[in-house]
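Trainee: Take this structure first; my questions come after.
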Amino acid sequence: MSGFEYATPATLNEALELLAESTAGAMPIAGGTDLVTQMRTGIAAPRRLVSLAEIAELARLDITGDELRAGALTPLVRLAVDPRIVSRWTAFAQGAGSAASPQIRNAGTLGGNLCQRPRCWYFRSEDFHCRKKGGSECFALEGENKYHAIFGEDECRIVHPSDTAPALVAFGAEVALRSPRGERRMPVESFFTLPSIDVTRENVLEKDEVVAELRIPNPPPGTRSAYLKVKEKDSFDFAMVSCAAVLSFDGDRCKRARLVLGGVAPVPWRCAAAERLLENHALRDDIVAASAQAALEGAAPLSKNRYKVAMAQAAIRRVLTGLASA
Amino acid sequence: MPTRKKTPVKLGFPGHFIETAIALPAGEPAPWDFGADLKVVGTRVPRVDGPDKVSGRARYTFDLSLPGMLHAAVLRCPHPHARLKRIELGKAEAHPEVRAALVLEEKEYRFAGAEVAAVAATTLAAARDALRLIEVEYEVLPFVTDPEKARAAGAPAVRKEGNRDVSADKHRGDVEAGFRKADAEVEVRVTTPVALHACLEGHGSLARWEGDHLTVWDSTQAVFDVRDSLAAALKHPPAKVRVIKDHAGGGFGSKLQMWTHTPIAARLAKLAGAPVKLLLSRHEDFLCTGNRHSSVQRVRLAARRDGIFSAISWESFGTGGVEGGAQTSGPIEGMYRIPAVAIHEEDVYTNAGPACAMRAPGHVQGMIALEAAIDELSDKLGLDPLEVRLRNDKSAIRKAELRLGAERFGWSRRKPSGSDRGALMRGLGVAGTTWDGSGLPGPEVEVVVDSDFRVEVLCGTQDIGTGTRTILAQVVAEELRIPVEQVTVRLGDSYFPYSILSGGSLTAACVTPAARAAAVKLRHALMRLAASPLEADAQDLEIEGRQVCVPGAGRSIAFADLLRHPGRKLGLKGVRFDPGAGRLSAIATRQANFAGFEPGAAGCQFVEVEVDTELGKIRVLRVVAVHDSGRILNPLLWESQVNGGIIQGTSFALLEQRVMDHRYGRMLNADLETYKVLGALEIPAIEIIPFPVAAGFNNTQVVGIGEPAIIPTAATVANAVANALGFRIPDLPITPDKVLDALASREGEAP
Chain F
279 MSGFEYATPA TLNEALELLA ESTAGAMPIA GGTDLVTQMR TGIAAPRRLV
329 SLAEIAELAR LDITGDELRA GALTPLVRLA VDPRIVSRWT AFAQGAGSAA
379 SPQIRNAGTL GGNLCQRPRC WYFRSEDFHC RKKGGSECFA LEGENKYHAI
429 FGEDECRIVH PSDTAPALVA FGAEVALRSP RGERRMPVES FFTLPSIDVT
479 RENVLEKDEV VAELRIPNPP PGTRSAYLKV KEKDSFDFAM VSCAAVLSFD
529 GDRCKRARLV LGGVAPVPWR CAAAERLLEN HALRDDIVAA SAQAALEGAA
579 PLSKNRYKVA MAQAAIRRVL TGLASA
Chain H
6 MPTRKKTPVK LGFPGHFIET AIALPAGEPA PWDFGADLKV VGTRVPRVDG
56 PDKVSGRARY TFDLSLPGML HAAVLRCPHP HARLKRIELG KAEAHPEVRA
106 ALVLEEKEYR FAGAEVAAVA ATTLAAARDA LRLIEVEYEV LPFVTDPEKA
156 RAAGAPAVRK EGNRDVSADK HRGDVEAGFR KADAEVEVRV TTPVALHACL
206 EGHGSLARWE GDHLTVWDST QAVFDVRDSL AAALKHPPAK VRVIKDHAGG
256 GFGSKLQMWT HTPIAARLAK LAGAPVKLLL SRHEDFLCTG NRHSSVQRVR
306 LAARRDGIFS AISWESFGTG GVEGGAQTSG PIEGMYRIPA VAIHEEDVYT
356 NAGPACAMRA PGHVQGMIAL EAAIDELSDK LGLDPLEVRL RNDKSAIRKA
406 ELRLGAERFG WSRRKPSGSD RGALMRGLGV AGTTWDGSGL PGPEVEVVVD
456 SDFRVEVLCG TQDIGTGTRT ILAQVVAEEL RIPVEQVTVR LGDSYFPYSI
506 LSGGSLTAAC VTPAARAAAV KLRHALMRLA ASPLEADAQD LEIEGRQVCV
556 PGAGRSIAFA DLLRHPGRKL GLKGVRFDPG AGRLSAIATR QANFAGFEPG
606 AAGCQFVEVE VDTELGKIRV LRVVAVHDSG RILNPLLWES QVNGGIIQGT
656 SFALLEQRVM DHRYGRMLNA DLETYKVLGA LEIPAIEIIP FPVAAGFNNT
706 QVVGIGEPAI IPTAATVANA VANALGFRIP DLPITPDKVL DALASREGEA
756 P
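These protein sequence lines map, in sequence, to chains F and H. Going by this note's numbering, the first residue of the first sequence is number 279, and it counts up by one from there. Going by this note's numbering, the first residue of the second sequence is number 6, and it counts up by one from there.
In structure tokens, the structure reads:
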């Protein structure tokens with residue numbers, strides 16, 4: 279790890295200035311559970327770290343009648359256990375609670391969970407100069423690709439590692455970004471970007487910009503949601519496949535469906551066709567099966583991750599069946 | 006040689022005792038009887054160093070610091086096979102914080118991660134920075150890391166002698182006839198991956214020179230072996246090398262030998278004229294300091310209609326990277342009566358990090374194939390696999406254990422393989438174990454008492470987390486009739502009396518008999534000293550508190566008076582009396598093994614699994630483990646060993662594997678995120694049933710349990726999964742992708 283400056287601004291504006299003025303590369307740090315490991319292995323080598331930890335305005339958690347507003351600094355554990363979140367935004371709370379380990383959920387933040395870098399072992403290894411690091415090859419395509427994407431582009435076969443993002447997309451959440459140019463807001467779904475946009479990044483965040491807040495609208499009455507994460511090792515693992523579903527019911531009929539997969543693509547993977555098959559139907563087994571089938575249409579597995587198709591379909595069926603009978 | 010009177014002993018277990026007699030060497034106490042009335046031994050004494058460990062007082066190699074100490078870092082070859090063309094240390098040496106740098110003598114590197122050069126600097130960060138200043142050029146050579154490819158003709162040569170080495174080619178009995186005359190035969194092919202030891206404490210050494218005297222604090226299971234290897238590597242007299250290991254955070258076999266970083270630390274310390282600490286990172290640890298060799302095993306097993314085995318044919322190869330030793334057939338001869346046996350085994354050399362012993366080397370792998378074949382054969386014959394084992398097993402102990410375990414586990418619930426229905430399928434499995442941890446002669450233990458009646462036990466053995474300190478304290482406390490707290494045990498120092506490496510489940514059976522003999526000798530010496538002042542016969546005296554007394558007579562003498570008795574002399578062999586210092590000590594040597602009841606330890610485990618056939622996940626729900634290891638000195642520590650074996654075995658069955666990218670010859674998962682080790686949530690409910698046996702072998706009647714406890718677990722899990730699914734996942738670890746792929750391909754084949 280190279281030497282670096284460490285700044286602890288008390289306000290967001292100060293932090294943004296500190297990020298903007300450093301020409302040699304500054305990075306914001308919150309929980310540090312990912313960034314520090316990147317620095318240890320040389321993937322990241324910031325000359326200046328700007329700690330967001332002291333910035334009170336990033337740590338707010340407000341729940342109103344209309345929405346949940348969670349500052350980027352909110353620790354994952356808080357999102358996982360707050361009874362109001364657990365009852366109203368169940369899939370989101372489950373996502374936050376399924377990430378990493380208890381220690382990391384205590385230190386890790388919501389903003390960090392969204393901005394963490396992929397776990398791809400070629401990307402994380404010093405031995406491989408992959409496309410995401412400016413090289414010319416995605417080593418996963420012909421290599422050890424068991425944990426890699428079955429959707430997306432051959433440009434780069436990472437999967438997005440966030441466990442909160444699928445539910446945020448499914449709930450139609452919005453993210454607020456702050457930079458010296460002010461604030462911009464967008465749906466979480468458009469925050470994440472495919473490798474074809476810029477293979478070295480996973481989202482639209484500029485170098486001098488930070489995630490400030492997430493706003494999740496109050497789901498309509500009759501909404502039930504769930505997040506199922508399939509891990510190889512339950513104690514502490516990233517998703518092989520995960521599934522967030524947010525369904526609004528009228529009686530036993532599904533009025534509105536949002537279905538988002540994790541672990542299968544470089545971004546949280548929205549399954550629009552599968553959603554359409556659910557809407558205006560009671561979730562009978564055949565509807566559920568057809569939806570799960572449709573969700574994986576177009577999957578293009580690699581040599582060692584064909585299993586993800588079956589696993590994702592099973593995860594979808596299980597989530598939907600669980601919600602239908604809840 | 007005077008003929009000694011033979012001492013009668015009763016060996017075995019209730020219902021199966023045999024009477025025999027052994028010739029006790031002079032000074033050797035008779036073995037404790039099966040039903041001996043012991044006060045401390047056999048009780049659940051908490052680990053004596055537990056409070057130090059949980060409070061952080063226990064110091065591991067990583068915690069040590071010396072004045073002026075430097076930190077070292079190693080430049081490692083990034084290529085799986087390369088030759089050094091040019092190296093220039095100048096810029097690294099010019100770094101203001103660097104105090105020494107060296108290039109290793111070896112100029113050809115046969116795996117990615119091999120040591121090339123090293124620097125010592127005032128901080129670890131500076132040492133790592135300085136590595137980047139070393140200019141190095143390699144001639145990159147052809148390599149092979151895939152063992153199947155390494156076996157093929159024309160593969161790049163990993164070593165001059167060739168990539169294949171036949172390690173066993175044995176025949177016993179008429180194998181051809183055994184198969185020809187059998188009523189049924191099966192062939193199973195199973196593979197196991199390279200696994201890593203993944204000790205909580207990694208490898209590292211701290212070296213200090215005082216003149217020409219070298220002290221090394223090393224993270225090792227073998228202080229004497231490291232001393233000798235280090236002395237040889239440095240061409241320095243062993244007498245001037247001292248190796249110390251106080252506490253250890255696991256070894257599992259990866260610390261039974263000296264690794265290259267140890268002489269590097271010593272050489273840098275010499276060059277710099279300052280102590281040097283060289284600790285490996287987890288990444289380095291996973292690349293360079295050993296692993297469990299892989300295996301590809303093809304086993305044919307044949308039997309008569311009644312399940313009695315007639316022949317086995319065993320073909321196996323595996324890779325230990327740049328090291329050999331990839332056998333798997335170890336369990337065959339030990340467990341079952343098989344009249345005809347053919348074994349062919351090969352080591353395959355590849356350009357990958359070296360294998361070394363790992364908890365029951367070869368046995369863990371071999372048991373998977375052997376026990377798989379038995380289950381498949383039983384299914385084919387329509388027989389209960391437990392019954393088939395009982396009909397063929399050589400061991401009276403294991404047969405009793407299988408029956409006891411089956412009862413407690415509820416084996417009769419087992420359904421025919423593949424008959425469960427639904428998304429979640431249950432399966433039951435069983436497998437046995439065999440391992441000879443009955444001990445070896447040679448180790449020495451010294452027991453010292455001073456005039457304050459402080460008792461110290463000295464032995465050069467290591468406590469690698471198994472509880473060696475505690476059991477030594479118990480055995481000595483037992484013989485001196487004192488509380489365990491009164492005994493301090495000092496281990497892990499090559500200046501202490503000699504002991505062998507802590508491996509092979511040998512330690513308890515090696516050192517506790519010597520400790521007991523020394524304690525008995527010390528007690529005799531104390532009584533001898535006290536006899537004349539108390540005007541009594543030595544054998545009538547007893548120790549009570551800090552005194553020796555004549556029970557019932559009201560006469561006693563304090564230790565302070567007894568041991569500070571200038572002029573007294575004791576003519577006892579192996580006893581040293583220093584009346585000036587008020588110190589009495591006795592030393593004893595572990596004698597050769599006596600005749601035992603059965604070789605080593607038996608044991609068996611039963612497992613229930615649940616296979617999620619939709620998500621591919623396997624949960625090990627419950628394990629019932631029945632184990633014997635002679636006398637159980639401390640059930641608390643013993644259960645901890647069995648728990649550890651089952652957990653590590655489950656981890657091997659379900660998760661652990663080194664992943665190499667064979668195109669580039671690099672390991673991809675040299676970290677604890679992607680090299681997955683079983684965590685708390687995956688640990689099954691474990692029920693342990695101790696099966697005490699009068700094993701013979703030595704005076705404490707103990708046999709090691711460390712290895713027997715891991716051997717059957719993965720085999721049992723694999724059998725239980727096969728019972729659930731109705732077919733076998735042949736390749737370990739049994740991960741969700743393999744389960745789903747296997748289910749998909751069977752669905753594809755179905756008419």
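In this text, a Cβ means the ideal position worked out from N, Cα and C, and glycines have one as well.
Mind checking if ARG81 of chain H is an interface residue toward chain F, Cβ cutoff 8 Å exclusive?
Mentor: Looking up residue 81 of chain H in the second sequence gives position 76. It does not; no Cβ of chain F falls within 8 Å.
Trainee: Using a cut-off of 8 Å between C-beta atoms, extract the partners of GLY684 of chain H located in chain F.
Mentor: Locating residue 684 of chain H in the second sequence gives position 679, counting from the first residue. Correct list: LYS511, ASP512, SER513 and PHE514.
Trainee: So what does DSSP say about MET430 of chain H, is it helix, strand or coil?
Mentor: Translated into the one-based positions of the second sequence, residue 430 of chain H becomes position 425. Look at MET430 of chain H here: in three-state DSSP terms it is strand.
Trainee: By how many angstroms is the C-alpha of HIS298 of chain H removed from the C-alpha of CYS361 of chain H?
Mentor: Mapped onto the second sequence, residue 361 of chain H falls at position 356. Mapped onto the second sequence, residue 298 of chain H falls at position 293. When rounded, the distance between both Cα atoms is 8 Å.
Trainee: In chain order, which continuous runs of the alpha helix (DSSP H) of length 4 or greater are located wholly inside the segment 84-138 of chain H?
Mentor: 95-99 and 129-136
Trainee: Can you check which of these residues, F:CYS393, F:SER280 and F:ALA358, is closest to PRO306 of chain F by C-alpha distance?
Mentor: For this step, residue 306 of chain F is matched to residue 28 along the first sequence. Cα-wise, what sits closest to PRO306 of chain F is F:CYS393.
Trainee: So if DSSP puts GLY413 of chain F in a beta bridge, which residue, or which two residues, is it bridged to?
Mentor: By 1-based counting over the first sequence, the position of residue 413 of chain F is 135. Answer by DSSP bridge pairing: none, since GLY413 of chain F is not bridged.
Trainee: Of the residues F:ASP563, F:SER520 and F:ALA602, which one's Cα is nearest the Cα of VAL587 of chain F?
Mentor: Locating residue 587 of chain F in the first sequence gives position 309, where the first residue counts as 1. Comparing Cα positions, the closest option is F:SER520.
Trainee: May I have the straight-line CA-CA distance separating ALA578 of chain F from THR471 of chain F, to the nearest angstrom?
Mentor: For the purposes of this step, residue 578 of chain F is taken as the residue at position 300 of the first sequence. For the purposes of this step, residue 471 of chain F is taken as the residue at position 193 of the first sequence. Their backbone Cα atoms lie some 19 Å apart in a straight line.
Trainee: Output yes or no for whether 8 Å exceeds the beta carbon distance between LEU539 of chain H and ARG573 of chain H.
Mentor: Looking up residue 539 of chain H in the second sequence gives position 534. Looking up residue 573 of chain H in the second sequence gives position 568. No; because the gap between Cβ atoms is not below 8 Å, this pair is not in contact.
Trainee: Going by DSSP, what residue range makes up the alpha helix (DSSP H) through ILE379 of chain H?
Mentor: As a working note, residue 379 of chain H is residue 374 in the second sequence. First-last of the alpha helix (DSSP H) with ILE379 of chain H: 368-386.
Trainee: Report the residue ranges of all alpha helix (DSSP H) runs contained in full by the segment 366-392 of chain F; include only those spanning at least 4 residues, in chain order.
Mentor: 368-376 and 380-385
Trainee: Restricting to Cα atoms, I'd like to know which of F:PHE449, F:GLU422, F:GLN571 and F:TYR284 is closest to ARG325 of chain F.
Mentor: Looking up residue 325 of chain F in the first sequence gives position 47. Checked all of F:PHE449, F:GLU422, F:GLN571 and F:TYR284; the closest Cα to ARG325 of chain F is F:TYR284.
Trainee: Residues of chain F with a CB under 7 Å from the CB of ILE147 of chain H: which are they?
Mentor: Residue mapping note: residue 147 of chain H aligns to position 142 of the second sequence, counting from 1. In the sequence under discussion, the amino acid at residue 147 of chain H is Pro, which differs from the Ile named in the question. None at all; the shortest Cβ gap to chain F is about 18 Å.
Trainee: When the Cα atoms are used, what is the spatial distance from HIS3 of chain H to SER603 of chain F?
Mentor: Examination of residue 3 of chain H is not possible in this model, given that chain H is present from 6 through 756 alone.
Trainee: Enumerate in chain order the residues of its own chain whose CB-to-CB distance from TYR400 of chain F is below 8 Å, with the five nearest sequence positions on each side excluded.
Mentor: Mapped onto the first sequence, residue 400 of chain F falls at position 122. Closer than 8 Å at the Cβ level, and outside the excluded window around TYR400 of chain F, lie PHE406, CYS408, CYS416, PHE417, ALA418 and GLY421.
Trainee: Taking 8 Å as the CB-CB limit, is MET589 of chain F close to chain H?
Mentor: Here residue 589 of chain F refers to the residue found at position 311 when the first sequence is read from its first residue. Yes - at least one Cβ of chain H is within 8 Å of the one on MET589 of chain F.
Trainee: Using the three-state DSSP reduction, which class does CYS293 of chain H fall into: helix, strand or coil?
Mentor: For the purposes of this step, residue 293 of chain H is taken as the residue at position 288 of the second sequence. Residue state, collapsed to three classes: helix.
Trainee: Under the three-state reduction of DSSP, which class applies to ASP742 of chain H: helix, strand or coil?
Mentor: Working through the second sequence from its first residue, we reach residue 742 of chain H at position 737. Three-state result, ASP742 of chain H: helix.
Trainee: Which residues in chain H have a C-beta closer than 9 Å to the C-beta of ARG584 of chain F? List them in chain order.
Mentor: Position 306 of the first sequence, counted from the start, is the residue given in the question as residue 584 of chain F. What ARG584 of chain F touches in chain H: ASP742, LEU745, ASP746 and ALA749.
Trainee: Return the residue from the list H:HIS100, H:TYR354, H:ARG164 and H:SER424 that minimises the CA-CA distance to PHE732 of chain H.
Mentor: Looking up residue 732 of chain H in the second sequence gives position 727. It is H:SER424 whose Cα lies nearest to the Cα of PHE732 of chain H.
Trainee: Less than 8 Å between CB atoms is the rule here; does LEU660 of chain H satisfy it with respect to chain F?
Mentor: Stepping through the second sequence from its first residue, residue 660 of chain H is reached at position 655. Cβ-Cβ to chain F under 8 Å: yes for LEU660 of chain H.
Trainee: In chain order, what residues of the segment 398-416 of chain F put their CB closer than 7 Å to some CB of chain H?
Mentor: Per Cβ criterion, the list reads TRP399, SER403 and ASP405.
Trainee: How should LYS282 of chain H be labelled, buried or exposed, when 16 other C-beta atoms within 10 angstroms of its C-beta is the threshold for buried?
Mentor: By 1-based counting over the second sequence, the position of residue 282 of chain H is 277. When all chains shown are included, LYS282 of chain H counts as buried.
Trainee: Closer than 7 Å by beta-carbon distance: list the chain H residues that pair up with GLY421 of chain F, in chain order.
Mentor: The count along the first sequence starts at 1 and reaches residue 421 of chain F at position 143. Those are ASP666 and ARG668, listed as they occur along chain H.
Trainee: Any beta carbon from chain F within less than 8 Å of ARG156 of chain H's own beta carbon?
Mentor: Position 151 of the second sequence, counted from the first residue, corresponds to residue 156 of chain H. Taking Cβ atoms only, chain F never reaches closer than 8 Å to ARG156 of chain H, which makes this a no.
Trainee: Would you say the segment 402-422 of chain H touches the segment 675-686 of chain H, given that touching needs at least three Cβ pairs under 8 Å?
Mentor: no
Trainee: Three-state secondary structure (DSSP) at LYS404 of chain H?
Mentor: On the second sequence, position 399 is the one that residue 404 of chain H refers to. Here LYS404 of chain H sits in helix by DSSP.
Trainee: Name the chain F residues whose beta carbon is nearer than 9 Å to that of LEU737 of chain H?
Mentor: As a working mapping, residue 737 of chain H is identified with position 732 in the second sequence. Correct list: empty, because the minimum Cβ distance to chain F is about 14 Å.
Trainee: What runs of the beta strand (DSSP E), each 3 residues or longer, lie entirely inside the segment 642-730 of chain H?
Mentor: 690-695
Trainee: If I follow the unbroken beta strand (DSSP E) through CYS554 of chain H, where does it start and stop?
Mentor: Here the question's residue 554 of chain H lines up with position 549 in the second sequence. In the DSSP assignment, CYS554 of chain H falls within the beta strand (DSSP E) that extends over 552-555.
Trainee: Since LYS602 of chain H contacts ILE23 of chain H with CB under 8 Å, what's their CB separation in whole angstroms?
Mentor: Mapped onto the second sequence, residue 602 of chain H falls at position 597. Mapped onto the second sequence, residue 23 of chain H falls at position 18. In the sequence on display, residue 602 of chain H carries Phe and not Lys. Correct: roughly 7 Å between the Cβ atoms.
Trainee: Say whether the segment 418-437 of chain H touches the segment 376-391 of chain H, bearing in mind that this needs 3 or more beta-carbon pairs closer than 8 Å, one atom from each stretch.
Mentor: yes
Trainee: How about MET305 of chain F: is its C-beta nearer than 8 Å to some C-beta of chain H?
Mentor: Translated into positions along the first sequence, residue 305 of chain F becomes position 27. Answer no: the Cβ-Cβ gap between MET305 of chain F and chain H never drops below 8 Å.
Trainee: Measuring straight from C-alpha to C-alpha, what distance separates ARG751 of chain H and ILE594 of chain F?
Mentor: In the second sequence, counting from the first residue as 1, residue 751 of chain H sits at position 746. In the first sequence, counting from the first residue as 1, residue 594 of chain F sits at position 316. Going by the C-alpha atoms only, they are around 23 Å apart.
Trainee: Three-state secondary structure (DSSP) at MET6 of chain H?
Mentor: Along the second sequence, one-based indexing puts residue 6 of chain H at 1. Confidence at MET6 of chain H is low in this model, with a pLDDT of 46, below 50, so its placement is unreliable and the value that follows should be read with caution. Three-state DSSP puts MET6 of chain H in coil, outside helix and strand.
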